[in-house]
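Here is the structure we will look at, set down as structure tokens.
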């Protein structure tokens, strides 16, 4: 599925997650955040960078990982990305949503 | 003589011992397998114990029976792996190795969540991922006729990711059969964004929870169990009430990895996803639940890995390059209750789809679709496990790498 953000076409799945990380940049992240009523701050970006680094290293994303990330604690994570923070933050980061096998 | 040491005599370790005993040159290699426990459990059977579908004796046997002649079986606790010096410290003494296979599995760690491991453990808060837990839950369910049953996953990754869903489906059928389903409220609570998280599966199987009247709570990252008020509470302060909590606690690798500095945050060993060689030490290989590879933690995965790993061990001792072959292949039956089951067959890249297995158009098993035949397949698998799989005998027509034959890939 193709979605247009600020005149740039990006490839997304049914739920709006980017399917090709090479199409991601900060501007796209910012627009995706707006769809969740999130105004990005430095702290938000710090979390997004950490998530992208985890995914690049094939590390599974979890709430436990956030706790040990040294970037943020879990309460803050919920405050920054309300309504399912892993689900929302991964979408903004342009990486796949954490999944199970089915 | 050289030493090949296998740590753990569960599904993976036992299969590796059986594969290697006939393939390693006997004049050059001694094979040792270390495990402190005497009993080998058929872990998929733990799902059926709580519902009185299986009995105790159907899920356990003496482990020694499955260790082949010619392999030295050491029943001792493993204290530490000293990878720098190629030795393993045991309870009594040490053993040196030229080649090490880590097959120590994963286990539940309820102590990771505040309030989970309390005086209510196995009274109103249960697991079914251990033999003891499944039996205690069976006794509880026999008397449970009314109230809120909550089936809960603490965090991913877990062994057999579909088992909690199967538990909820089987509970629905169990209480119907007892004639009390209208008195029992079933809720499925997951840290993920849905009961099904793969695009195609969630479209195809969405009907299951609705049809069975199982409530769903998603994105629930548990902070603590409040045993005073019978609630689980998450970091967003969402609360779910229970009378009976059946949880899948955090799953972790063996503490030996922590003591030995070989594990990640969850004590899983960083492993190459295609060769199964440890990333830190070239003479250490890892298989099954003990790895950190992004495949399902399941017996079928261990079975497919064992075939690749056997080849790679032989390549390694002959100084040849390893095969980057393992593709994350998993093949799992999913019980949906009332003598029906689904079958899924997938790998690192390919999500579960519909179709037939193992033969295109013929089956006899159906992928991602409920059928009675799939249920028989699951039940038959117990016999296959004890008599074929553990012995390292290939299962006919089921290949180590996922086949696209019979799969409707573009639906």
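Chains as they are written, first to last, in the working numbering: chain Y, 219 to 320; chain H, -7 to 403. By construction, the Cβ of each residue, glycine as well, lies at the ideal position given by its N, Cα and C atoms. As the structure is a prediction and not an experimental result, all values here were calculated from the model.
If you keep only unbroken beta strand (DSSP E) runs of at least 3 residues inside the segment 5 to 58 of chain H, you get 21 to 26, 31 to 33 and 52 to 54.
Counting only runs of at least 4 residues, the segment 124 to 179 of chain H fully encloses the following alpha helix (DSSP H) elements, listed from N- to C-terminal order: 155 to 169.
Of all alpha-carbon atoms in 186(H), 214(H), 270(H) and 79(H), the one lying nearest the alpha-carbon of residue 106(H) is that of 214(H). The straight-line gap separating the alpha-carbon atoms of residue 231(H) and residue 237(H) is approximately 13 Å.
Counting other Cβ atoms within 10 Å of its Cβ, residue 367(H) reaches 16 or more and is therefore classed as buried. Within the model, the alpha-carbon separation for residue 243(H) versus residue 123(H) is close to 15 Å. Interface criterion met: the Cβ of residue 227(H) is under 7 Å from a Cβ in chain Y. At a Cβ-Cβ threshold of 7 Å, residue 100(H) and residue 63(H) do not count as neighbours.
The C-alpha of residue 245(H) is placed about 14 Å away from the C-alpha of residue 288(H). Here residue 248(H) is actually not in contact with residue 66(H); their C-beta atoms are around 14 Å apart, not less than 8 Å. In terms of beta-carbon proximity, residue 280(Y) lines the interface with chain H, with at least one pair separated by less than 7 Å.
Annotation: residue 249(H) is outside any beta strand (DSSP E); the continuous alpha helix (DSSP H) that includes it extends over 247 to 252. In the DSSP annotation of this structure, the continuous segment of the beta strand (DSSP E) that includes residue 355(H) starts and ends at 355 to 359. Within chain Y, the residues whose beta carbon sits less than 7 Å from that of residue 213(H) are 281, listed in sequence order. Setting aside the 5 residues that flank it on each side, residue 357(H) is surrounded in the same chain by 335, 348, 349, 350, 363, 365, 366 and 369, each with a C-beta closer than 8 Å to its C-beta; the list follows chain order. Among the residues of chain Y, those whose CB is under 8 Å from the CB of residue 184(H) are 316, 317 and 318, following chain order.
Within the DSSP bridge table, the entry for residue 65(H) names 25(H) as partners. Residue 323(H) carries a strand assignment under DSSP once its states are collapsed to helix, strand and coil. Under the Cβ criterion of 7 Å, residue 395(H) is not counted among the residues facing chain Y. Contacts with chain Y (Cβ-Cβ distance below 7 Å) from the segment 279 to 295 of chain H involve 286 and 288, listed in chain order. Inter-segment contact for the segment 318 to 333 of chain H and the segment 157 to 170 of chain H is present: three or more beta-carbon pairs are separated by less than 8 Å.
Inclusion of residue 60(H) and residue 13(H) in the CB contact set at 7 Å is warranted, their separation being smaller than that value. Looking from the CA of residue 27(H), the closest CA among 58(H), 141(H), 20(H) and 373(H) belongs to 58(H). DSSP, reduced to helix, strand and coil, places residue 288(H) outside both helices and strands of the structure shown, so it counts as coil. Annotated as distal: residue 120(H) and residue 320(Y), with beta-carbon spacing of 7 Å or more. The way I'd put it, the segment 89 to 99 of chain H doesn't touch the segment 125 to 140 of chain H; fewer than three beta-carbon pairs between them come closer than 8 Å.
Under the Cβ criterion of 7 Å, residue 221(Y) is not counted among the residues facing chain H.
Assignment of residue 229(Y) by DSSP, reduced to helix, strand and coil, places it in the strand class.
Burial check for residue 227(Y): the Cβ neighbour count within 10 Å stays below 16, so the residue is exposed. In the three-state reduction of the DSSP assignment, residue 281(H) falls in the helix class, which pools H, G and I. By the Cβ-count criterion, residue 222(H) is buried, with 16 or more other Cβ atoms from all chains shown falling within 10 Å of its own Cβ.
For the 7 Å CB-CB criterion, residue 301(H) and residue 6(H) do not form a contact. In the DSSP assignment, residue 74(H) falls within the unbroken beta strand (DSSP E) covering 70 to 74. Neighbours of residue 292(Y) across chain H, judged by C-beta separation under 7 Å: 227. DSSP, reduced to helix, strand and coil, places residue 267(Y) within a helical segment of the structure shown.
Among the residues facing chain H, residue 252(Y) is not included, as its CB has no counterpart in that chain under 7 Å away.
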